[in-house]
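For my numbering, add 1195 to where a residue sits in the sequence shown, where the first one is 1. Where a beta carbon is used, it is the ideal one built from N, C-alpha and C, also for glycine. Below: the structure, in structure tokens.
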Amino acid sequence: MASRLMATGILGVRRDVRSFIEVSSGEVRALAERLRRRTTIETARSVYRFNVRNVKYPLTSDGSPAAGFEVKAYPWLSIGLFKLYLATYSQPYAWLLPSQVLKLGYGLCADTSNLCTTLLRVLGLEAYTVLGVVEAGEGFYGHAWTVVKPGDRWLLMETTIHRGRPPLIPLEEASERLGIGYLEIARFDEARLWVDERLMDRYRMQMARLLGKVEL
């Protein structure tokens, strides 16, 4: 069992993944209270709906999903009223804090999962961000999602793909109902962390793209 798991944040700063469950943010806590409903299951659905309606998935310049965990940067030189673009280059995608996701209105799977997990944790629900791989077609791809337990069953909250599907699906039924295989490698909240180091090593390439690099 790993004692830590690091991810790349803004400006290339490496941070423990648990720090991205930003339960101390005043902005996030205020939003969470606005999303609270009468029951825990209704509250979880409210969090899901907020994410789907207010956080967009980044796209590349041709309109394709920016799923490669890289973003395009366009440095420019300002000369009076004119901007001279010097170059175009790719830089590794960085994880955003939930408060940053709210300001930008964009986020990849790790960002939206951490936002939903944070909101659920502030609201007193048992929830984790899960890092792992999904099997789609003939390949395995790094991915993140949220799991929450508003009652006596663990439910999967898919925060980025299959957004037209039911917001909460029993965990053991998710792969069949969504038509995609989910394999959990790590899960965390603001305090707890669990990592399957054997699977982390097996899917090191996919997880390195998700985390920036694998560093336990």
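Residue i versus the options, residue with shortest Cα-Cα distance
i: W1290; options: T1341, T1203, M1352, I1356; result: T1203
i: R1404; options: E1222, F1335, T1238, V1342; result: F1335
i: R1194; options: Y1301, T1312, R1382; result: Given a span of 1196 to 1411 for the chain in the structure shown, any question on residue 1194 remains unanswerable.
i: S1220; options: E1385, L1303, Y1398; result: E1385
i: Y1398; options: V1317, M1201, H1338; result: H1338
i: R1387; options: M1352, S1214, R1348; result: S1214
Which residues DSSP lists as bridging residue i, in chain order
i: D1306; result: In DSSP, D1306 forms no bridge with anything.
i: F1383; result: T1324, L1388
i: Y1301; result: K1251
Secondary structure of residue i, DSSP reduced to three states
i: A1227; result: helix
i: K1251; result: strand
i: P1362; result: coil
i: V1390; result: strand
i: R1414; result: Because the chain is modelled from 1196 through 1411, residue 1414 falls outside the range shown and cannot be assessed.
i: Y1398; result: coil
i: D1211; result: strand
i: V1409; result: coil
i: L1318; result: coil
i: G1221; result: helix
8 Å contact criterion, which residue i and residue j should meet: CB distance rounded
i: R1240; j: P1362; result: 5 Å
Complete runs of the beta strand (DSSP E) confined to the region 1321-1349 [at least 3 residues]
1321-1331, 1334-1344
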